[in-house]
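S.K.: What follows is a structure written as structure tokens; I'll ask about it next.
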Amino acid sequence: MKPSILFCFIGLGAALHLVPSRPTKKFELNLTWDTKAPDGVERQQALINGQFPGPPLIVDEGDDVEVTVNNFLPYNTTMHWHGIECADSILINGKGRVRCLDPAYLTSLTPPPLTYLLQGMNYTAKGCLPVRNTFAQTTTAQHNYTAIPPSMFDQCKATESTEEVIKVNPLKGWVSLNLISSASISIPTVSVNNHSLWVYEVDGQYIVPTKVDALSLNNGARYSVLVQLNKTPGNYLITAAGSGINQKVAGYGTLSYVNGDPSVVGKPSIDYGGNSISTDVVVLDETKIKPLIPSRPSEQADRTYLLSVGRIEKAWKWSLNGDHSYGMSMESEKPMLWDPQSQADSDLVIATNNDTWVDIVFAVSGEAKNIQPGHPIHKHSNRVYVLGAGTGQFNWTSVAEAQQEIPEMFNLVDPPMRDTFTTLPALEAPSWMAVRYHVQNPGAFFLHCHIDPHLTGGMALAILDGIDAWPSIPPQYGPKGHWGKAGQIENIIDIDVRDGYQG
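Right under this line is the structure:
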């Protein structure tokens, strides 16, 4: 028997006028585990309908959508839909090639402010920071370097896989590209030779169109860009270069004009390390993004959560709140959905009342032996306003207090609205970021770093929004339903979930 989940997305947007009803768009997704070689190197991986990336689900605003997910993986899994807020529902939230470049060349791509981190060493042939580099070591424990297979960090084997080609017709004038990052800790910077990118959508929200030459994508973020097809017809290189320090790696594609000259490839804006070729190159500044439809947050927050973000105790253990780690063992605990009041005071929970405004300040620890990358934080349910970010200690108890001393660091007029936002890196000093959101969708949700090793290491919190207006739970999702019986949860006591659990 195959386990399956049925999702229904009803009315993905508000129509401004009456339109004839359209048939429900139905999709079936089969999750499997198989051997593939997306970059020319075979490995086992999760596939959707036999492919990676999965198939596009193309819908129009206002469509009713039905998705059936069949899990044939050897593991339990959860499907989560970025950009769909799932309001008033507690049930549905939830091609390349390998190049081997000279290590000295890879090392030369490191920006001057970061070269000290290399400690005089070159990157490996695979483009990795050497494991003997003390900045690559995250604990003071003894390390047995000989136990690490050379293929993991040092060795590189080139492949000849085909690369993505996007065919375009210049007579149409423009092409829209949807950029989605699932790159874990790497931060790809994307550009198209000789072409500007007009960024018009971020995380499912239209923004004031912004003209850039390149943009960086943190894990979980989504961007849509328009590219004007007004250049000499040719095959222009598309570059996605990892701009982090952990590994120098890049992928390429081609923007191919119909009947274009293959020898016309254009000039790049960025190099293999994601660095700008010249000072004239414009890279998207995420802090300057403005929503197309003006929207501003409340002037004041009803409650503030100050979170200390970083690694704790072990190399693999992470936290969004000081010494408290949301480990994978939490999966065996009684679901907070059943009794939100019982967890309201937990250090691993943000608990709110409905129709209130909440500030979350992420204070990222940073010191010479505990450098932090930017953490792409994803919030389930609704989006946040990104009010501001900076380097140094956040020495205030609230945003309002900080505004008194550093008003120039905050934007409460037209701040970016995001569901995935990235903290500033903390190299030799701490950093901070402040966000604000309106509690409008009561339910149990998740706040987490989108770098998978950080998430599995505990960098997450539960959000229990609107515990004073908790939604009713269908019986099959309660402790006497199939989730309670099949979820390996023992000794569950009968509880009365407000507003009507009738299990």
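The sequence shown begins at 28 in the working numbering and counts up one residue at a time. Beta carbons are placed, not taken as given, at the ideal position from N, Cα and C, and that holds for glycine.
1. Should P506 be labelled buried (16 or more other beta-carbon atoms within 10 Å of its own) or exposed?
2. Please classify F180: does DSSP put it in a helix, a strand, or coil?
3. I need the DSSP call for D495, collapsed to helix, strand or coil.
4. Identify, in the order they occur along the chain, each residue of the same chain with its Cβ nearer than 7 Å to the Cβ of K275, setting aside the five sequence neighbours on each side.
5. How many angstroms separate the CA atom of A456 from the CA atom of H351?
6. Measure the C-alpha to C-alpha separation of G67 and A496 and round it to an integer number of angstroms.
7. Determine the extent of the alpha helix (DSSP H) in which P480 is found, giving its start and end residues.
8. Grab me the residues of T383's own chain with a C-beta within less than 6 Å of its C-beta, minus the 5 sequence neighbours each way, in chain order.
9. Report yes if the CB atom of L491 is closer than 8 Å to the CB atom of M363, and no otherwise.
10. Pick out the complete beta strand (DSSP E) segments inside the segment 270-310, 3 residues or longer, and give them in chain order.
11. The beta strand (DSSP E) that contains E4, what's its start and end?
12. Put K238 into one of helix, strand or coil per three-state DSSP.
13. Could you tell me the distance, in whole angstroms, from the CA atom of I478 to the CA atom of E435?
14. Look at the alpha carbon of E313 and the alpha carbon of P502, and state the distance between them as a whole number of angstroms.
15. Please work out which residues of its chain come closer than 8 Å, Cβ to Cβ, to V292, disregarding the five sequence neighbours upstream and downstream, and give them in chain order.
16. Using the DSSP secondary-structure output, state which residues sit across from L58 in a beta bridge.
17. Please list, in chain order, all residues of the same chain as S322 whose beta carbon is under 7 Å from its beta carbon, the five residues on each side excluded.
18. Rounded to whole angstroms, what's the CA-CA distance from T266 to T449? Just pull it up for me.
19. Where does G393 land, buried or exposed, given buried means 16+ other C-beta within 10 angstroms?
20. Measuring CA to CA, which of V308, S290, P367 is closest to S296?
21. Please return the same chain residues whose Cβ sits closer than 6 Å to the Cβ of G484, not counting the five positions on each side in sequence.
22. Does T447 get closer than 8 Å to chain B when you measure Cβ to Cβ?
23. Quick check: the Cα distance between N468 and R410, rounded to an integer number of angstroms?
24. What do you reckon, are the CB atoms on A427 and Q327 nearer than 8 Å?
25. Taking the C-alpha atoms as reference points, what is the distance between Y332 and H222?
26. Please state if the CB of I212 and the CB of P400 are separated by a distance shorter than 8 Å.
27. How would you call M179, buried or exposed, if buried means at least 16 neighbouring beta carbons within 10 angstroms?
28. Alpha carbon to alpha carbon, what distance is there between T281 and D446?
29. Answer yes or no: do V226 and P236 have a C-beta to C-beta separation smaller than 8 Å?
30. Looking at the strands, I want to know which residues DSSP matches up with T331.
31. Is DSSP giving Y250 helix, strand or coil here?
32. Where DSSP assigns a beta bridge to F473, which residues make up the other side?
M.R.: For this structure:
1. Its Cβ being crowded by 16 or more others within 10 Å, P506 is buried.
2. Helix, per DSSP.
3. Reduced to three states, the DSSP call for D495 is helix.
4. Around K275: L133, L136, Y150, G154, G269, Y299, G300.
5. Approximately 22 Å between the Cα atoms of the pair.
6. So the alpha carbons of these two residues sit roughly 52 Å apart.
7. Annotation: the continuous alpha helix (DSSP H) that includes P480 extends over 479-483.
8. If we look at T383 and ignore the five residues flanking it on each side, its Cβ neighbours are D329, V466.
9. Here L491 is near M363, since their CB atoms are less than 8 Å apart.
10. Those beta strand (DSSP E) runs which fall completely within the segment 270-310 and span 3+ residues are 277-284.
11. Outside the shown range of the chain, which is 28 to 530, sits residue 4, and nothing can be said about it.
12. It is a strand residue.
13. A direct Cα-to-Cα measurement between I478 and E435 gives close to 30 Å.
14. Those two C-alpha atoms are separated by around 43 Å.
15. Answer for V292: N220, G261, N262, Y263, L264, listed in chain order.
16. According to DSSP, L58 shares a beta bridge with I75, N98.
17. In the same chain as S322, and ignoring 5 residues on each side of it, the C-beta atoms closer than 7 Å to its own belong to M444, in chain order.
18. Cα to Cα, T266 sits roughly 22 Å from T449.
19. Counting Cβ neighbours within 10 Å, G393 comes out buried, since at least 16 surround it.
20. Checked all of V308, S290, P367; the closest Cα to S296 is V308.
21. For G484, where only same-chain residues beyond five positions count, the Cβ hits under 6 Å are W343, K344, W345.
22. This model lacks chain B altogether; it includes just one protein chain.
23. Those two C-alpha atoms are separated by around 11 Å.
24. The criterion of a C-beta distance shorter than 8 Å is satisfied by A427 and Q327.
25. C-alpha separation (whole angstroms): 43 Å.
26. Against a cut-off of 8 Å, the Cβ pair of I212 and P400 comes out as a contact.
27. Here M179 is exposed, its C-beta having fewer than 16 other C-beta atoms within 10 Å.
28. Going by the C-alpha atoms only, they are around 30 Å apart.
29. A contact, by the Cβ cut-off of 8 Å.
30. Paired residue(s): D386.
31. Three-state DSSP puts Y250 in a strand.
32. Under the DSSP definition of a beta bridge, F473 partners with A489.
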